[in-house]
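Take a look at the structure below.
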Amino acid sequence: RVSAEERLTAAVERRAEVEARIQEALNTPPHLVIKHTGLEADDPMPDMAEIERQLDRLKIERERLGAVNLRAEEEQRELSERLETIVSEREDIIEAIRKLRQAIQSLN
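Residue numbers (the working numbering): -17 to 90.
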């Protein structure tokens, strides 16, 4: 009887550890993980070897992508706005030079 209680206590502790690891790794309570898999509760478990192959393939694809600049879209937008401003200022300067040349010609 003592042995069964010890095994039960160990199993409960192990379950709590596993649930904590799942929560930490997936940022989801363990009972909600199935929703993220696309599986139904009564579906058979997928083949672990196939899952590991898919995971390895995805890791390799991620490595090939290299570093990703998460601010790239925002930086591109900021640079586009800056370019528009510079182009507009350039056009203003060209127009001002044209007017100055006309004024100089009219004085001569």
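Ideal Cβ placement from N, Cα and C applies to all residues, glycine included.
Separation of residue j from residue i, as counted between CA atoms
i     : j      : result
A31   : R64    : 52 Å
G48   : E66    : 31 Å
R80   : L61    : 28 Å
P28   : D38    : 16 Å
R72   : G20    : 55 Å
R53   : R(-11) : 51 Å
R46   : E55    : 20 Å
R(-3) : R44    : 32 Å
N90   : I75    : 23 Å
Three-state class that DSSP yields for residue i in the structure shown
i   : result
E6  : helix
P26 : coil
V50 : coil
P11 : coil
Range covered by the alpha helix (DSSP H) that runs through residue i
i   : result
H18 : 15 to 19
6 Å CB neighbourhood of residue i in its chain, flanking five on each side removed
i    : result
K174 : Summary: the structure shown does not reach residue 174, with the chain confined to residues -17 through 90, and so no result is reported for it.
Q36  : none
7 Å Cβ shell around residue i - same chain, five flanking residues per side excluded
i  : result
I4 : P12, V15
Same chain, Cβ closer than 8 Å to residue i, five either side skipped, listed in chain order
i  : result
L8 : V15, H18
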